[in-house]
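Going by our numbering, the sequence shown opens with residue -1, and the numbers climb by one from there. Since the structure comes first, as structure tokens, the remarks are kept for the end.
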Amino acid sequence: MRVIDSIANLILEDPLITAGRIAHLLGYAEEKTVYYWLHKAHFSGLNAFKKAVLSGQFVPQKPRSSAQETRPLYGRLPI
């Protein structure tokens, strides 16, 4: 999944998220890395990108491996 899609998904989860929090969740040391990716995607800043995501102008791709179980765990009892 592209980094910009990851940022968009984080914004959809928490519309008030900051660049510092996004950087922390994505594993970056500094928030300027988030602004680098936004600039690379032709957005002027985080607020402009938030507006595009929340208004539906930018729709992130779905994660390839969403939270699906790889093997059935139902019916198993803990020991």
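Glycine residues also receive a C-beta, built at the ideal position from the N, C-alpha and C atoms.
Test item: CB-CB of residue i and residue j under 8 Å
i, j, result
"residue 11", "residue 18", "no"
"residue 48", "residue 2", "no"
Other residues of its chain near residue i: CB distance less than 8 Å, five sequence neighbours each side excluded
i, result
"residue 32", "5, 17, 20, 21, 24, 26 and 44"
Cβ shell of residue i (< 6 Å), same chain only, five flanking positions each side left out
i, result
"residue 83", "The structure shown has nothing for residue 83, since the chain only spans -1 to 77."
"residue 54", "none"
Could you give the uninterrupted runs of the beta strand (DSSP E) lying entirely in the segment 8 to 63, keeping only those of 3 residues or more? none
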